[in-house]
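Structure first, then comments.
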Amino acid sequence: MERLLRKCQIRNQLARECMAECLGVYVLILFGCGSVAQVTTTEDKKGQYLSINLGFALGATFGVFMSRGVSGAHLNPAVSLSLCALGRHPWMKLPFYVFFQMFGAFLAAATISLQYYDAIQTYSGGKLTVTGPTATAGIFATYPSDYLSVWGGVVDQVIGTAALLLCVLALGDQRNSSVPDGLQPVMVGAAVLVIGISMGSNSGYAINPARDFGPRLFTYIAGWGVDVFKAGGGWWWVPIVAPCVGALLGTLIYELMVEVHHPFSPPELQTSCQEAPEGKAGLELEGVEPDCEKPTK
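Heads up, the sequence shown is in my numbering, so the first residue is 343 and it goes up one at a time.
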């Protein structure tokens, strides 16, 4: 078996990262949307809204555990975009990450549809609908509440995703607070949980373009039809565009209000002194007083 597995080994780094992202998102959506399917098809008899929050939170936790050592566990195109904007992830890899994140979500939706096929058919009376009392499209993708305008949905998703990035960047900022390595995925799940508890009623807190578009595309193909793109006044683009804007906004807020103000560490200070003989003035602009040793003669 070990020899067989060695023959299956892929050495290309990008391919390995893409597969890890695909699997991580697959697990996230499998547990998250799976909990929605259980709550919906049993009419709240085997779970309630909190069950859905826990499903997505634990799905995010285990998805991060599975992929973080290979790809960094972005699991979200908006997160990948923000890391590229920060210079912490190559722009060249962005389209590959996004595609495989979407693909993982698509596969997870297909798995849930297969697993809950009988339950969905029974609950819906055999009619796959997007709206109405027995609508089942909401098991897979997000749709706005009746009272929510498109603009209100944009604001909702921008705020929710900005909150997610604030938490994610804080957890990864070792100069702010050192979170034990094994605890970070749990805390990411906790962030998803608290966002769901506090910001989920308006439109289902997608806060992730892959989480919404991959399953939505599956429902379009699997029989729910074009209504998945028409419902909510053409809602489908909001969970794609708004999370990207929110992620960049959250990143900017954290950088400007926290990370950029950290004191220089000794290696960074030495590099700054070497690069700028007149470094004192430049560093003072960032509120840091350098202490460079004067060269001896």
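C-beta atoms are modelled at their ideal positions from N, C-alpha and C, and glycine is treated no differently.
- Within the same chain, and ignoring the five residues on either side of residue 549 in sequence, the residues whose Cβ sits closer than 6 Å to its Cβ are 502, 503, 506 and 585.
- By the Cβ neighbour-count rule, residue 557 is buried, with 16 or more other Cβ atoms within 10 Å of its own.
- Here residue 350 is exposed: its Cβ has fewer than 16 other Cβ atoms, across all protein chains shown, within 10 Å.
- Annotation: residue 472 to residue 482 spans about 11 Å, alpha carbon to alpha carbon.
- For residue 467, the three-state secondary structure derived from DSSP is coil.
- Here DSSP, grouped into helix, strand and coil, assigns residue 571 to helix.
- Under the 8 Å Cβ criterion, the stretch 528 to 543 counts as touching the stretch 399 to 410, having at least three qualifying pairs.
- In the structure shown, residue 343 falls within a coil segment according to DSSP collapsed to helix, strand and coil.
- The alpha carbon of residue 578 has as its nearest neighbour, out of 389, 395, 441 and 486, the alpha carbon of 486.
- Counting only residues of its own chain and dropping the five nearest sequence neighbours on each side, residue 544 has a CB closer than 8 Å to the CB of 486, 487, 490, 494, 495 and 498.
- Contact between the stretch 377 to 397 and the stretch 442 to 449 is not established, with fewer than three Cβ pairs separated by less than 8 Å.
- Contact check for residue 370 and residue 401: beta-carbon distance about 4 Å, within the 8 Å limit, so the pair qualifies.
- Here residue 566 really is in contact with residue 470; their C-beta atoms are around 5 Å apart, less than 8 Å.
- For the pair of segments examined, the stretch 370 to 390 was found not to touch the stretch 513 to 527: the number of CB pairs separated by less than 8 Å stays below three.
- Under the three-state reduction of DSSP output, residue 435 falls in the helix class.
- With fewer than 16 neighbouring CB atoms inside 10 Å of its own CB, residue 352 falls in the exposed class.
- Contact check for residue 420 against residue 589 passes: the beta carbons are separated by less than 8 Å.
- Between residue 561 and residue 479, the CB-CB gap stays under 8 Å.
- Non-local C-beta neighbours of residue 509 in its own chain, meaning closer than 7 Å and more than five positions away in sequence, comprise 533, ordered along the chain.
- Going by C-alpha positions, residue 574 is about 8 Å away from residue 492.
- Around the CB of residue 374, 16 or more other CB atoms lie within 10 Å, so the residue is classed as buried.
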